[in-house]
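Participant: The structure is given below, and queries will be raised subsequently.
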RNA sequence: GUCCCCAUCGUCUAGCCUGGCCUAGGACACCGCCCUUUCAAGGCGGUAACACGGGUUCAAAUCCCGUUGGGGACGCCA
């Protein structure tokens, strides 16, 4: 009931201020609006709230647009720029003054700051003291004609303010705790609450869905709707996204911008799905869902009232699931840039007939254990280049360790293995596996004592996909070369170790 | 400080509106076992929560009140 849209077609908006990047919190707000619109076949409108000219930048607008596009949160109308409506906003403020619902305020920001600070040291709550409301009209005229800078304040009427929140249910404020809202700054520029209400009316917004941090703005806006003689839209306040310390997610928690997650190798479908699960669930236990499934299941009444901690580990888990589902061609597209910066890229990886098919097979074996796209540049190195280091933990565990009998014993096994592998007719997984196992058996040793050092020789690490898959992907010649390189390394080891 | 919001495993949540099916279900993480070739992946299993106190009721995680705790807002920012 709470969330059911009435007979009017649903019209919602996302209204970011372009003063930085697209924050995941903002993205989630956009997402829920988008989902609500799509679920009800309504319109999703994008409005850029750039009324703070000193902080708004064109670059930030672009970043926000890019972030939304990347997440495929598409808008039906806009982007509209709030700054274009400035004249209309001023007219509204002037009309309110004429109607006696607002008044000029000559208090300087410095004066107000001083009073605020004084109140704070007294431990008292600060609220504008209406100094300028008490001015007689002659005094006001005098100051205005002399050109004393004046802001316009809305005269907050007495009485309770209530609305039925789409998420929280009935919510009430006493107007006694609300100070007279500044509508126009002394330089004549409109402020947030005025602009927001005016534009929402103009755009015929039916549901305002935004973060919990806006709850205290809502009574002010309800007042402005009343003053305009317009029925307010429905309001729904989303719980905040929190950091691990349960405080509002912010930069000090690490990555918070959509772009950072993209650059780190989180897939857009992952972030979309994950953000959706922060404060909402379909109620039937499903977690990994397509956007169509999410859209179909989405309702506002299923939204939680409690803030949700952004769990990076779960995000990466979800991402690993999505990576595993990726088709090889798209995966190759996603990995390409990372390979280029790592200097591992060559055109024949993309050329059918070149190493393309082989490359796709390599990607296929690696993807099951990858959490982020960035993992691939690291894991692909031993396949695309002969230049890679032996990881210290792998050296210690499988080359130097007493378990393998020390470097000399390892060297002997690898020498034998080199010979055995060279004898293999067809260099396939079963054939190489059989050769290795037969060798180990003939020596009365565990296959693992051959496999581990071999892995270090081939990829330089203690972890990898199945060793025989790697072996065949790397091929006989390069395997031999790598075993030789390992032999040299082992020989030098005692000296290196001191 | 004032106002507002919130309260189920460490985390995301199901259940709450319409009390009984809840000795509270799922997922991430963690631990163990299996598979095995190490880690991972996969399979199986385990540890782990109704903040507290009153009340209503035959019966409360679910309804009411209070306490405590947490968060947010208190701008001529949006």
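Numbering (the working numbering), first residue to last: 1 to 498.
Backbone N, C-alpha and C define an ideal beta-carbon position, used for all residues, glycine too.
Since we're looking at a predicted model, the values are computed, not measured.
#1: Identify, in the order they occur along the chain, each residue of the same chain with its Cβ nearer than 7 Å to the Cβ of residue 391, setting aside the five sequence neighbours on each side.
#2: Would you mind listing the beta strand (DSSP E) stretches within the region 379 to 407 that are 3+ residues and don't spill past its ends, in chain order?
#3: Specify, as a first and last residue, the run of the beta strand (DSSP E) that residue 113 falls within.
#4: Contact between the region 160 to 168 and the region 58 to 67: three or more CB pairs below 8 Å?
#5: So, are the CB atoms of residue 553 and residue 467 less than 8 Å apart?
#6: Over what stretch of residues does the alpha helix (DSSP H) that includes residue 439 continue unbroken?
#7: Please report the Cβ distance between residue 383 and residue 474, rounded to the nearest whole angstrom; I am assuming they are in contact, meaning their Cβ atoms lie under 8 Å.
#8: DSSP three-state call for residue 477: helix, strand or coil?
#9: Does the count of Cβ pairs from the region 47 to 55 and the region 299 to 307 closer than 8 Å reach three?
#10: Using only the alpha-carbon positions, how far apart do residue 222 and residue 175 sit?
#11: Distance, Cα to Cα, residue 172 vs residue 87?
#12: Which one or two residues does DSSP pair with residue 45 in a beta bridge?
#13: Would you call the region 104 to 113 in contact with the region 136 to 154, where contact means no fewer than 3 C-beta pairs closer than 8 Å?
#14: Could you give the DSSP three-state label for residue 372: helix, strand or coil?
#15: What are the boundary residues of the beta strand (DSSP E) that residue 208 is part of?
#16: How is residue 461 classed by DSSP in three states: helix, strand or coil?
#17: Quick one: using the 10 Å Cβ neighbour count with 16 as the cut-off for buried, is residue 230 buried or exposed?
#18: Would you call residue 331 buried or exposed, if buried means 16 or more other Cβ atoms sit within 10 Å of its Cβ?
#19: Does DSSP put residue 360 in a helix, in a strand, or in coil?
#20: Indicate the three-state DSSP secondary structure (helix, strand or coil) for residue 219 in the structure shown.
#21: Quick one, which of 288, 311, 224, 482 has its alpha-carbon nearest residue 246's?
#22: How is residue 450 classed by DSSP in three states: helix, strand or coil?
#23: If contacts are defined as beta-carbon pairs under 8 Å, then residue 429 and residue 365 qualify, I think. What distance do you get, rounded to the angstrom?
#24: Identify which residue in 133, 440, 254, 203 has its Cα closest to the Cα of residue 413.
#25: Taking its Cβ as the centre, do 16 or more other Cβ atoms sit within 10 Å of residue 464, making it buried, or is it exposed?
#26: What first and last residue would you give for the beta strand (DSSP E) that runs through residue 182?
#27: Tell me whether the region 267 to 278 and the region 23 to 36 touch, counting them as touching only if at least three CB pairs, one residue from each stretch, are closer than 8 Å.
#28: Hey, out of 13, 406, 120, whose CA is closest to residue 201's CA?
#29: Going by DSSP, what residues sit across from residue 242 in a beta bridge?
#30: Report back the beta-carbon spacing between residue 181 and residue 220 to the nearest angstrom; my notes put them in contact at under 8 Å.
#31: Given this structure, state the Cα-to-Cα distance separating residue 158 from residue 290, to the nearest angstrom.
#32: Give me the DSSP bridge partner(s) of residue 235.
#33: In terms of alpha-carbon separation, which member of 354, 433, 315, 488 lies closest to residue 399?
#34: Could you compute how far the alpha carbon of residue 90 sits from the alpha carbon of residue 320?
#35: Helix, strand or coil for residue 295, going by three-state DSSP, please let me know.
#36: If the criterion is Cβ atoms closer than 8 Å, does the pair residue 38 and residue 295 meet it?
Facilitator: In short:
#1: Taking the first chain and counting its residues from 1, the one referred to as residue 391 is at position 391. Cβ neighbours of residue 391 beyond the five flanking positions: 460, 461, 462.
#2: None, since the region 379 to 407 contains no complete beta strand (DSSP E) of that length.
#3: For the purposes of this step, residue 113 is taken as residue 113 along the first chain, with counting starting at 1. For residue 113, no beta strand (DSSP E) run applies; the uninterrupted alpha helix (DSSP H) run containing it begins and ends at 109 to 121, by DSSP.
#4: No: the two stretches stay apart, fewer than three of their Cβ pairs being nearer than 8 Å.
#5: Nothing can be reported for residue 553: it is not among the residues displayed for the chain, which extend from 1 to 498.
#6: Position 439 of the first chain, counted from the start, is the residue given in the question as residue 439. For residue 439, the uninterrupted alpha helix (DSSP H) run begins and ends at 429 to 443, by DSSP.
#7: By one-based count along the first chain, residue 383 stands at place 383. By one-based count along the first chain, residue 474 stands at place 474. Contact holds; Cβ gap of about 7 Å.
#8: Sequence index remark: in the first chain, residue 477 carries index 477 (1-based). In the three-state reduction of the DSSP assignment, residue 477 falls in the helix class.
#9: No, because fewer than three Cβ pairs between the region 47 to 55 and the region 299 to 307 fall closer than 8 Å, the two stretches do not touch.
#10: The residue labelled residue 222 in the question sits at position 222 within the first chain. The residue labelled residue 175 in the question sits at position 175 within the first chain. Answer to the nearest angstrom: the Cα atoms are 11 Å apart.
#11: One-based indexing of the first chain puts residue 172 at position 172. One-based indexing of the first chain puts residue 87 at position 87. Separation of residue 172 and residue 87 (C-alpha to C-alpha, rounded to the nearest whole angstrom) is 33 Å.
#12: As a position in the first chain, residue 45 is number 45, starting the count at 1. Within the DSSP bridge table, the entry for residue 45 names 13, 77 as partners.
#13: At 8 Å Cβ cutoff, the stretches touch.
#14: The sequence position of residue 372 within the first chain is 372, counting from 1. The answer is coil: DSSP assigns residue 372 none of H, G, I, E or B.
#15: Residue mapping note: residue 208 aligns to position 208 of the first chain, counting from 1. 207 to 211 is the extent of the beta strand (DSSP E) around residue 208.
#16: For the purposes of this step, residue 461 is identified with residue 461 of the first chain, where counting begins at 1. Residue state, collapsed to three classes: coil.
#17: Taking the first residue of the first chain as position 1, residue 230 is located at position 230. With a 10 Å radius around the Cβ and a threshold of 16 neighbouring Cβ atoms, residue 230 comes out exposed.
#18: In the first chain, the residue the question calls residue 331 occupies position 331. So residue 331 counts as buried.
#19: Taking the first chain and counting its residues from 1, one reaches residue 360 at position 360. Residue state, collapsed to three classes: helix.
#20: Here residue 219 refers to the residue found at position 219 of the first chain. Residue state, collapsed to three classes: helix.
#21: As a working mapping, residue 246 is identified with position 246 in the first chain. Ranking 288, 311, 224, 482 by Cα distance to residue 246 puts 311 first.
#22: Numbered from its first residue, the first chain carries residue 450 at position 450. Note: residue 450 maps to helix in three-state DSSP.
#23: Counting from 1 along the first chain, the entry for residue 429 is found at position 429. Counting from 1 along the first chain, the entry for residue 365 is found at position 365. Between residue 365 and residue 429 the Cβ distance is about 11 Å, and since that is not below 8 Å, they are no contact.
#24: Start at 1 with the first residue of the first chain, and residue 413 comes out as number 413. Across the set 133, 440, 254, 203, the C-alpha of 440 shows the shortest separation from the C-alpha of residue 413.
#25: Here residue 464 corresponds to residue number 464 of the first chain, with the count starting at 1. By the neighbour-count rule (16 or more Cβ atoms within 10 Å), residue 464 is buried.
#26: On the first chain, residue 182 is found 182 positions in, with the first residue counted as 1. Element bounds for residue 182: 182 to 184.
#27: As far as the Cβ criterion goes, the region 267 to 278 touches the region 23 to 36, which means the pair count is three or higher.
#28: Counting from 1 along the first chain, the entry for residue 201 is found at position 201. Among 13, 406, 120, the Cα nearest to that of residue 201 is on 13.
#29: Counting from 1 along the first chain, the entry for residue 242 is found at position 242. According to DSSP, residue 242 bridges with 248, 309.
#30: Stepping through the first chain from its first residue, residue 181 is reached at position 181. Stepping through the first chain from its first residue, residue 220 is reached at position 220. Separation of the CB atoms of residue 181 and residue 220 is rounded to 5 Å, and the pair is thereby assigned contact status at 8 Å.
#31: For the purposes of this step, residue 158 is taken as residue 158 along the first chain, with counting starting at 1. For the purposes of this step, residue 290 is taken as residue 290 along the first chain, with counting starting at 1. The alpha-carbon separation between residue 158 and residue 290 amounts to approximately 49 Å.
#32: Here residue 235 corresponds to residue number 235 of the first chain, with the count starting at 1. Partner residues in the beta bridge of residue 235, as assigned by DSSP, are 208.
#33: Against the first chain, residue 399 aligns to sequence position 399. Considering only 354, 433, 315, 488, the residue with the shortest C-alpha distance to residue 399 is 488.
#34: On the first chain, residue 90 is found 90 positions in, with the first residue counted as 1. On the first chain, residue 320 is found 320 positions in, with the first residue counted as 1. Here the alpha carbon of residue 90 sits roughly 52 Å from the alpha carbon of residue 320.
#35: Residue mapping note: residue 295 aligns to position 295 of the first chain, counting from 1. Collapsing the DSSP output to three states places residue 295 in a helix.
#36: One-based indexing of the first chain puts residue 38 at position 38. One-based indexing of the first chain puts residue 295 at position 295. Residue 38 is a Cβ neighbour of residue 295, given a cutoff of 8 Å.
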